[in-house]
Amino acid sequence: MPVGCQKLRRSVATRRTMPSPGTPDTGTQSVSVPVAAIRARTKPEAVFAPQVLPLLEPSRPALLEGVVEMHNCAKEMGIPMDTMRSAVSLFKNHATALREGNLLTDGYLTKSSFVSLVKQMLNETGVRHDAVEEASVIDRFVGTFMSAEQDCKGVMNFRDFAIWYSSHCFDENFLDAKEQAMRKLSRKLGVSPTEIDNYKRHFDIVDADGSGEIDAEEFLAMLYKFTKVPKDIGLPRKYVNDMFRAADTNCDGSIDFEDFVVFSQKFLY
Numbered sequence: 024m025p026v027g028c029q030k031l032r033r034s035v036a037t038r039r040t041m042p043s044p045g046t047p048d049t050g051t052q053s054v055s056v057p058v059a060a061i062r063a064r065t066k067p068e069a070v071f072a073p074q075v076l077p078l079l080e081p082s083r084p085a086l087l088e089g090v091v092e093m094h095n096c097a098k099e100m101g102i103p104m105d106t107m108r109s110a111v112s113l114f115k116n117h118a119t120a121l122r123e124g125n126l127l128t129d130g131y132l133t134k135s136s137f138v139s140l141v142k143q144m145l146n147e148t149g150v151r152h153d154a155v156e157e158a159s160v161i162d163r164f165v166g167t168f169m170s171a172e173q174d175c176k177g178v179m180n181f182r183d184f185a186i187w188y189s190s191h192c193f194d195e196n197f198l199d200a201k202e203q204a205m206r207k208l209s210r211k212l213g214v215s216p217t218e219i220d221n222y223k224r225h226f227d228i229v230d231a232d233g234s235g236e237i238d239a240e241e242f243l244a245m246l247y248k249f250t251k252v253p254k255d256i257g258l259p260r261k262y263v264n265d266m267f268r269a270a271d272t273n274c275d276g277s278i279d280f281e282d283f284v285v286f287s288q289k290f291l292y
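Numbering (the working numbering), first residue to last: 24 to 292.
Below you can see the structure in the form of structure tokens.
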């Protein structure tokens, strides 16, 4: 073999058997590094250690189940979420479950528990009824209970109750005291509830100080607005006084909401 080729072969062999950097020279031409040592250097357990997740609270699954059921019922039955939340709250206060579990899926209302629920709704309005009137109202709603429970077993499940509640929660008897007074006034004056609401919005604008009554100064400002007469020209005093007397039916020096509606029907709208 030529001398040049022999030198090249010795050079390659020397490079293949040189110790790796950081490894002590033992005097041998080749060094064998154990596989276990290589694995120890990489420490795979430190890199691939599983992440420990926090445990959920025990009550979370049951609570989540009720929320999911509520949203599913609202979507399926086309009931607004605010109405559904109120229905859920009432049902949970008065329902009983056949077994330990979710009241929304396993609970039911009996006739007596439904009566208690209706009484709660009446009490929350702030309107006090005498015993005879309250009994009459409750009897009417008990009749709706009998028609609402679908399985004819004398009990009402949550879905039946949600349908009943969405149909009756805006009944006049379940409105607050102010709303009930407005409904009674609308019947007295022969106007619709929508019209009486519109009158109330205009009344609140004229009643600048929020006293619940329109005084002479506020009344004058209202006349300027509706007649569109500039204040620098002014309205005749006799005209203003005559209009105020026409509005102030009880002559107490102020105009309440009922007076305002009657006056508006005659002169303004």
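Ideal Cβ placement from N, Cα and C applies to all residues, glycine included.
All values derive from a computational prediction rather than experimental measurement.
For Asn-196, the CB contacts under 7 Å within the same chain, skipping 5 residues up- and downstream, are Leu-145 and Val-160 in chain order. Secondary structure remark: continuous alpha helix (DSSP H) runs of at least 4 residues inside the region 99 to 141, in chain order: 104 to 117 and 126 to 129. Sequence-distant partners of Thr-106 (beyond 5 residues in either direction) whose C-beta falls short of 6 Å from its own C-beta, in its chain, are Ser-189.
Here Asn-180 is buried, its C-beta having at least 16 other C-beta atoms within 10 Å. With contacts defined by Cβ atoms closer than 7 Å, Ala-270 and Asp-279 do not form a contacting pair. For Glu-240, the enclosing alpha helix (DSSP H) has its first and last residue at 239 to 250.
The continuous alpha helix (DSSP H) containing Ile-219 extends over residues 216 to 229. In this structure, Ala-118 and Ala-185 do not form a Cβ contact; the two beta carbons are roughly 12 Å apart against a cut-off of 8 Å. Spatial neighbours of Leu-243 in its own chain (CB-CB distance under 7 Å, excluding positions within 5 residues in sequence) are listed in chain order as Val-263.
Under the 10 Å beta carbon count, Val-90 is surrounded by fewer than 16 other beta carbons and is classified as exposed. CA-CA distance, Ser-234 to Ile-228, rounds to 12 Å. Ranked by Cα distance from Met-266, the options Glu-147, Phe-249, Ser-112 and Leu-126 are led by Phe-249. Looking at the backbone, the Cα of Arg-210 and that of Val-285 are separated by about 13 Å. Following the DSSP letters along the chain, one finds Val-178 in no alpha helix (DSSP H), marked with neither H nor E. It is roughly 10 Å from the alpha-carbon of Asn-116 to the alpha-carbon of Gln-143. With a threshold of 16 other beta carbon atoms within 10 Å, Val-155 falls short and is exposed.
Boundaries of the alpha helix (DSSP H) harbouring Glu-202: 200 to 212, taken from the DSSP string.
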